[in-house]
Every structure is written in C-alpha cells, then in structure tokens.
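Everything below concerns the one structure shown next.
Protein chains: 2
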Amino acid sequence: MSARRPSVRPRGAGPIGPAPLFAALGDETRLRLVARLCADGPLSIVRLTAGSGVTRQAIAKHLRVLAHAGVVRGIRHGRESVWELELRQVAEARRCLERISSQWDEVLGRLKTSVER
Amino acid sequence: MSARRPSVRPRGAGPIGPAPLFAALGDETRLRLVARLCADGPLSIVRLTAGSGVTRQAIAKHLRVLAHAGVVRGIRHGRESVWELELRQVAEARRCLERISSQWDEVLGRLKTSVER
DNA sequence: TTGACATGCAACCATATGGTTGCGTATAAT
DNA sequence: ATTATACGCAACCATATGGTTGCATGTCAA
C-alpha cells in the first residue's frame, strides 16, 4: 500500500524477491489448492472447485494469483483449462528459508562465543 | 475474509496450518525484517526502524504480526524491547514446502509411467 | 443446430492490511 | 527533578484482497 509514498525503496537492499511467493502461499484456500494439485496431479477448474467451499470464480482467481507467483501453470485443453504445479519457484522459497535458518544459526554461534569469552 | 460465511471449513481437510506463517513472510517489509534479524541478531525496534523507510509504529506492527506467526520473539529489556528470530515455525514452513515438492515429484513419476505403458 | 458445460470478464461488496499521526507512559540519563 | 528515549495504544485512511453475482463466449455432444 502507501501509494502516496512514491515507493522510495527504503535505503539500500534491492528487491527482496520471494515475498510475493510467500504471499501467494499465505492463503488457506490457495495452499489447499496446491496441496490438492501436488496430491492428485493436474486438474481442471471445476474439479478443483468441487468441495472447495467457494465459487468457481474464486478458485479461478486464486489460480491466477498462484500462476502470477509462478507456483502453478495452466494450459487450455479444449474447453477446459488444466492446472498443474510448477516447482521452480517453490524451490526458490525453500532455498530462502534455508538461508534464513543457516544464517541465524551462524549468528547464534557467534553470539554464544562472544558471551563465553 | 468472508466473515458472513460462518467459516464452514470447506468439506473435509482440517486446519492447513502453515498458511498464516507464509502470509507473515509474504510482505516485503516483514521479510526484510527477518533478513535483518537473521543477519545481525537481536535488535531493538528503533534499530530495526533505522533505514527501513517506514515508521517505528509500522515496524512494531510488523513485529507483532511476525510474533503472532511464531517467527519472531521479543523480550523487554529495560526501556527497549529486543526482538530475535524464532526458528521453529520457519522449520515447519520448510517441511511443508519439502512435502509439496516430494509429493509432486511422486505424482509426476506416476503420471509418466501411466503414459508410457 | 441446439443445448449443455467450462471458462472468462466485470462490477460490486465487506473486511483486512499497511501505513500514518498523535498522544500517553515507563525507563534511562543529565 | 528534568529531559530525552523507547515504546505502546488508538484513531484514522487508502488500497488490496477474498469473495460474490451476473452475463458473455467458446467448445463439446446429441
């Protein structure tokens, strides 16, 4: 938000990258979608909608969001569009979390020794 | 959202869990916060605010969001409150992503063989 | 050709979210 | 005792978001 502030990009620190991806995964409905997709393989929108508790249009929207984040990809097949997982970005997110973990561990170690001495 | 719909919990599928966590990480400012924390170790709010491009209050809000998601923990130390990473939930998120990846790989394999035969 | 089915598109709505300002308060420093 | 710091709380604001309904369109089946 804050469209007033002309996106002054704090000072320093380039594009953080994976944030939009996490945002895409940060919705229950969406996460349930990817769970479904990674469990049952490629599915059409109606299939995905069935038992989702929300409208077909809502599902379509979510799919587009996921697609925009590169988590999912849809191809039109006849009159239906089939959606499947795209792992690349997910892997990226994983790397991000791993980096955080290892970096924090390292810092912890540093702090510990600095206390010990 | 959808407060009207009395949280009917689709049909089947219990609490998805990690979604709120991803949501917490799904904001640039917040992600930059955890990056900062995991790089420099525990920091006070003013320290974290410096060079962030947003208000101290905004930072405080974000920290509370992260804390609520279990990514971060703050303890009051004198007149300042110091915040540090808490890795447990992050690890949870990692596991979630890994599960997705491996499950998808498995499905891919199954599909492939079913095509081959 | 006609109808059913799967989507796409658009408008609309309520609430969540990220941000701000302003003010009160506890703690540290002079 | 005063002043300066570091913070919490609350109100407010604009926009984003998740969801809906309604309708138009393309495609398969009889």
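Protein chains in written order, with our numbering: chain A, 1 to 117; chain B, 1001 to 1117.
Glycine included, every Cβ here is placed at the ideal spot set by N, Cα and C.
Positions of the alpha helix (DSSP H) runs, each at least 4 residues long and wholly inside the region 1049–1098 of chain B, are given as 1056–1068 in order along the chain.
Take the alpha-carbon of A1091(B) and the one of A1039(B): they are about 17 angstroms apart. For R1088(B) and T49(A), the gap between their C-alpha atoms comes out near 33 angstroms. Between H1062(B) and R1036(B), the gap from beta carbon to beta carbon reaches 8 angstroms or more. Going by DSSP, D40(A) is part of the alpha helix (DSSP H) stretching over 28–40. Beta bridge pairing from DSSP links L43(A) with W83(A). For E80(A), same chain residues with a beta-carbon under 8 angstroms away, outside a window of 5 residues either side, are S44, I45, V46 in chain order. Leaving aside the five residues that flank G1078(B) on each side, none in its chain has a CB nearer than 6 angstroms to its CB. Neighbours of I1045(B) in chain A, taken as residues whose beta carbon is under 7 angstroms from its own, are absent, since the nearest beta carbon is some 16 angstroms off.
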